[in-house]
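Residue numbers (the numbering used here), protein chains in the order written: chain A, 767 to 1124; chain B, 74 to 409.
Idealized CB from N, CA, C, for every residue including glycine.
Since the structure is predicted, the reported quantities are computational estimates derived from the model, not experimental observations.
As structure tokens, the structure follows; a few thoughts come after it.
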């Protein structure tokens, strides 16, 4: 596990949105080689740095240029890199995804933004039949260095068609890499890694962690794929949490500590490849595991982790692996129903208590 | 400027003279190579040496051959549907690894991982070989985007069937190509049937390119796809247009002599229709034209035939003798 707790999620101070930038690629310099950034700024900074380094990178998507991104992740990139490299597309997901596959086959390194991963379903054929298979079915002749990014998971009160978490869905297909960062440090380092390798990457951001802030180094760093990160150390139960659920897991862990249950929170950071070894190592220590994700329960990431844990450390488990997921219904609009659909802290607490027979 | 629609009219003798003896003979050889390659593949399929799908281009050879003659494969990209054998051969791939691919061998074009529908050429910029109807169209658009981005002066030529024209990717691609002035050429090879469904039962207009291009602010050309001279002349014009940074939509009215794939007996069309189109065989017509021009004799034609059959025989032997891929290949190339 890399650098556990090296960059605490509670920075010394928050960004003052009245006087300081809240988006764009420039972090707020804190001195001592550290800067304060949000997840949104961290991703923008990674894009800015890599686009500066590599002229074959372009960004295309709906509203990414003149509007600065629907969620302002690409703020300022058009001004700096120009319209050749930061391109507003028509609403044509299948078109611009397929275009990116063709561009990747001919020497470019495309970044495409899905305004929301929900809209990637329109481009599913291009992602699955073309991007994910191309290197294999050409015998390695045409790798696809492609980063597909945008927010995944439920936004606030946007109901059924805008609330899918797609980690499990895209992890199903060999050939894709699935990245799901939960912090600014991870988001920046993983994006830089994504832009330096040659596979199609589903980079799953989350609207509701875009504003999460952290102190990160100003010096360049990369975060490798397939390395889980310890977000909190504990001894009684391992909580494996993904993306936005890391925050909920940490909240739950705070509450559980009050009743004497010490939780370890592990963030896989990439779902594919999955660092099952680090998860298993943690479970061998705690003997209990609860997986928290925003995907559905059936065929979810938790189902996969539970199955692999059964194979790897069956004898170490003192309780069945718990799964806290989005409940098996399309996302409803009503506030109380939405609250109960999501894997929020109260459900995590219940699942951990069950795993601990409390 | 060619008179574009409804059907491009050309003077075959004038075009023949413009092409010249050597170039025309080269194209004749290429068309014959494609035909004989596929005929032998069909036989091998019936002998169970090849499995899966095998979609043959027999009858349509003049379309791709005329276009490739104007391309510089070092910078121009091409791609097509699963009916892709001709494009790979025209992009410069040797028949041996292509036949070995059909046989599922380790020496195959893509190491036995693609089969008939997924031929590619790295050196010839042939980007597939695509199995999902219409899936290749935005990819071809991307190759044109790349050429413009990098300033190579290259163009992309995306071949698609009439059956792909109702797909959303077709319309999305035309919109992007026209909007961004991409050097993209789209060639609809209208062979009258999308699998077993006649084009008239699937597409709301008779002349697809003419009807759709105007809707996207693009130029279009429609021509007799069974005639190499028409194909060559149209390709000459549209490649020049695309090089100047303008997309073009082209429709070749062509015909496939075989079913949708080898397993399709094509009972949805009449014998009379098939026989009529066979009298228009694109390869036979060029042979007669070469003889008429005094550029080829019957004896010379025999010689070419024998050379090509020899090459195909070598390819079949190479494919038969090549080893299957090792099981260790199962997980290679899943990731780059």
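Collapsed DSSP secondary structure at residue i in the structure displayed
| i | result |
| --- | --- |
| residue 1057 of chain A | strand |
| residue 914 of chain A | strand |
| residue 839 of chain A | coil |
| residue 88 of chain B | helix |
| residue 414 of chain B | A query on residue 414 of chain B cannot be resolved here, the shown segment of chain B reaching from 74 to 409 and no further. |
| residue 868 of chain A | helix |
| residue 326 of chain B | strand |
| residue 242 of chain B | helix |
| residue 767 of chain A | With a pLDDT of 38 at residue 767 of chain A, under the threshold of 50, the modelled position of that residue is not reliable, and no figure is offered here. |
| residue 401 of chain B | helix |
| residue 902 of chain A | helix |
| residue 303 of chain B | helix |
| residue 1005 of chain A | strand |
| residue 259 of chain B | strand |
| residue 885 of chain A | helix |
Beta-carbon gap between residue i and residue j smaller than 8 Å
| i | j | result |
| --- | --- | --- |
| residue 260 of chain B | residue 313 of chain B | no |
| residue 151 of chain B | residue 198 of chain B | yes |
| residue 135 of chain B | residue 355 of chain B | yes |
| residue 852 of chain A | residue 825 of chain A | yes |
| residue 315 of chain B | residue 142 of chain B | no |
| residue 57 of chain B | residue 275 of chain B | Beyond the ends of chain B as shown, which are 74 and 409, falls residue 57 of chain B; an answer cannot be given. |
| residue 917 of chain A | residue 800 of chain A | no |
| residue 859 of chain A | residue 897 of chain A | no |
| residue 98 of chain B | residue 368 of chain B | yes |
| residue 291 of chain B | residue 251 of chain B | yes |
| residue 258 of chain B | residue 212 of chain B | no |
| residue 293 of chain B | residue 209 of chain B | no |
| residue 810 of chain A | residue 850 of chain A | no |
| residue 961 of chain A | residue 821 of chain A | no |
| residue 1054 of chain A | residue 1084 of chain A | yes |
| residue 221 of chain B | residue 247 of chain B | no |
Sheet register partners of residue i (DSSP bridge)
| i | result |
| --- | --- |
| residue 875 of chain A | A:823 |
| residue 787 of chain A | Answer by DSSP bridge pairing: none, since residue 787 of chain A is not bridged. |
| residue 944 of chain A | A:968, A:1038 |
| residue 983 of chain A | A:800 |
| residue 199 of chain B | B:151, B:194 |
| residue 995 of chain A | A:1033 |
| residue 741 of chain A | As displayed, chain A neither begins before 767 nor continues past 1124, which places residue 741 of chain A out of reach and without an answer. |
| residue 1092 of chain A | A:1062 |
| residue 293 of chain B | B:322 |
C-alpha distance - residue i paired with residue j, whole-angstrom precision
| i | j | result |
| --- | --- | --- |
| residue 894 of chain A | residue 129 of chain B | 26 Å |
| residue 946 of chain A | residue 188 of chain B | 35 Å |
| residue 955 of chain A | residue 785 of chain A | 27 Å |
| residue 1023 of chain A | residue 998 of chain A | 12 Å |
| residue 190 of chain B | residue 1034 of chain A | 38 Å |
| residue 263 of chain B | residue 1011 of chain A | 52 Å |
| residue 343 of chain B | residue 273 of chain B | 15 Å |
| residue 183 of chain B | residue 173 of chain B | 9 Å |
| residue 993 of chain A | residue 1069 of chain A | 20 Å |
| residue 967 of chain A | residue 284 of chain B | 38 Å |
| residue 385 of chain B | residue 110 of chain B | 6 Å |
| residue 1047 of chain A | residue 948 of chain A | 21 Å |
| residue 133 of chain B | residue 359 of chain B | 13 Å |
| residue 100 of chain B | residue 233 of chain B | 21 Å |
| residue 296 of chain B | residue 887 of chain A | 37 Å |
| residue 935 of chain A | residue 348 of chain B | 50 Å |
| residue 769 of chain A | residue 996 of chain A | The pLDDT assigned to residue 769 of chain A is 41, lower than 50, so where the model puts this residue is not dependable, and the model offers no usable value. |
| residue 124 of chain B | residue 176 of chain B | 8 Å |
| residue 320 of chain B | residue 399 of chain B | 44 Å |
| residue 1049 of chain A | residue 193 of chain B | 46 Å |
| residue 79 of chain B | residue 957 of chain A | 51 Å |
Residue from the options whose Cα sits closest to the Cα of residue i
| i | options | result |
| --- | --- | --- |
| residue 240 of chain B | B:197, B:232, B:321, B:206 | B:206 |
| residue 1060 of chain A | A:921, A:1086, A:1076, A:1004 | A:921 |
| residue 772 of chain A | A:951, A:844, A:1122, A:1027 | A:951 |
| residue 82 of chain B | B:265, B:302, B:217 | B:302 |
| residue 969 of chain A | A:1016, A:1036, A:996 | A:1036 |
| residue 90 of chain B | B:178, B:374, B:366 | B:366 |
| residue 1009 of chain A | A:1051, A:797, A:829, A:1109 | A:1109 |
| residue 107 of chain B | B:242, B:341, B:406, B:137 | B:137 |
| residue 126 of chain B | B:169, B:196, B:375, B:156 | B:156 |
| residue 112 of chain B | B:158, B:405, B:144 | B:158 |
| residue 911 of chain A | A:864, A:963, A:835, A:806 | A:963 |
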